[in-house]
Amino acid sequence: MSQTSTTSTGSHAQTAESVDYRWTTIVTNADGQQQPPRTGAGTFDTADSYTVRIHDSHPDVAAGVFAEVCGELVEYHRDEVLDARVDGLPDPVVPVTVTTTVYDADDNVVAVLTGLLRHEPVTEDEVLDAAVTFGQIAVADERIRIERTRRPGGISHRDPLPLALDLDTAYGPELDAYPVESPGTGIGETDRAQLRELRAAAAELRAEVYDPEYCRHQLAAMETARAEARDTDPPIDWHARVDRWRRLLEISTEAYLDAAGIDTAAEQLRTRHSARDLE
3 MSQTSTTSTG SHAQTAESVD YRWTTIVTNA DGQQQPPRTG AGTFDTADSY
53 TVRIHDSHPD VAAGVFAEVC GELVEYHRDE VLDARVDGLP DPVVPVTVTT
103 TVYDADDNVV AVLTGLLRHE PVTEDEVLDA AVTFGQIAVA DERIRIERTR
153 RPGGISHRDP LPLALDLDTA YGPELDAYPV ESPGTGIGET DRAQLRELRA
203 AAAELRAEVY DPEYCRHQLA AMETARAEAR DTDPPIDWHA RVDRWRRLLE
253 ISTEAYLDAA GIDTAAEQLR TRHSARDLE
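Note that the working numbering has the sequence shown beginning at 3, numbered continuously upward.
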């Protein structure tokens, strides 16, 4: 990262707030667009709210804020690139230039730091690792959501939602249905293991819920029974059953959509490795 430092004086609008310094940081993207300015103010005897450090001079404020903003931008952009590539989307616009300006108590410009950000390239292996991690997180999140749907508020219902232990998984993906990458396809042993782990996460996600079509069938049956006001012994709360099957349909649909996204990410990564092997 290249840096230059200059100092100058100037007049800015006066404010009633008593501070030792103010700072503004401007970030310019590769397309020439500027991000919303980052601003802050503080005194030399207390920690700055942004850097969480006590600064003893205006140049120290400039250096601290500049370094913090640059580190934040590089890390955040890298995460955005990983998210986009896992989802098969174009890379986000790159932030390239950072300028931090510090003003004294009289709003005179007393320090300026400017520099170009250096972004390390994101490798395909890193994208693969991120896809596996995202798949595992999606599975964990869906499990929590599913359990909350089965037992809303932690209450044990007289007519609880059925557990997923006896689900008919005829429509769920079998791991053997996925192609097994063999040596010579451009995918190493570690990558093949990660791809299968990613695909297993998608299959596991589907196995945690009912098939959406089954949920729709059950919901329709419950709505019909409620409309016909069937009498049973003991009595059945048809409204509660309709509500719970509606929730099950929503959560199973979300789970299947997440699983489809994981499958897509795995296939994209496999294709990239195969294409690289042909180059």
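Ideal placement from N, C-alpha and C gives every residue a C-beta, glycine not left out.
All of these numbers come straight from a predicted model, not from anything done at the bench.
Asp81 classed as buried or exposed, judged by whether at least 16 other C-beta atoms fall within 10 angstroms: exposed
Contact set for Thr255: own chain, Cβ-Cβ below 6 Å, skip 5 residues either direction: Pro214
contact_flag[the segment 123-134, the segment 51-63] where n(CB pairs < 8 Å) is 3 or more: no
Exposed unless 16 or more other CB atoms sit within 10 angstroms - verdict on Ala204: buried
Ala32 versus Val98 - alpha carbon distance: 6 Å
Identity of the residue in Tyr23, Ala262, Leu200 nearest Asp109 by Cα: Tyr23
Best match in Tyr52, Phe46, Asp47 for proximity to Ile40 [C-alpha to C-alpha]: Per the sequence presented here, residue 40 reads as Arg, with Ile not at that position. Looking at the Cα atoms, Tyr52 is the closest of the given residues.
Beta carbon of Arg87 nearer than 9 Å to that of Val129: yes
8 Å Cβ shell around Glu269 - same chain, five flanking residues per side excluded: none
Range of the contiguous alpha helix (DSSP H) that encloses Arg80: 60-88
For Arg208 and Tyr258, believed in contact at Cβ under 8 Å, the rounded distance: 6 Å
Close-in-space but distant-in-sequence residues of the same chain around Glu199 (CB under 7 Å, 5 per side omitted): Val134
Strand pairing of Thr45, partner residues [DSSP]: Beta-bridge pairing links Thr45 to no other residue.
Outcome for Gln220 when other beta-carbon atoms lying within 10 angstroms are tallied against a minimum of 16: buried
Arg201 in three-state terms, based on DSSP: helix
Residue from Val63, Glu126, Asp93, Gly90 whose Cα sits closest to the Cα of Leu115: Val63
Range covered by the beta strand (DSSP E) that runs through Arg24: 23-31
Residue range of the unbroken beta strand (DSSP E) whose run includes Thr53: Counting along the chain, Thr53 falls outside any beta strand (DSSP E), and DSSP gives it neither H nor E.
Local Cβ density within 10 Å of Asp105, reported as buried at 16 or more and exposed below that: It is worth fixing the name first, because residue 105 is Tyr in this sequence and not Asp. Burial call: buried.
Proximity below 9 Å, CB of Ala222 to CB of Trp240: no
C-alpha gap between Phe68 and Val124, whole angstroms: 24 Å
Tyr212, buried or exposed, once every other Cβ within 10 Å from all chains shown has been counted against 16: buried
Continuous beta strand (DSSP E) stretch holding Pro2: start and end: Here the chain has residues from 3 to 281 only, and residue 2 is not among them.
Arg243 beta carbon near the ligand SAM (any heavy atom closer than 8 Å): Although the ligand SAM was asked about, the structure shown includes no ligands whatsoever.
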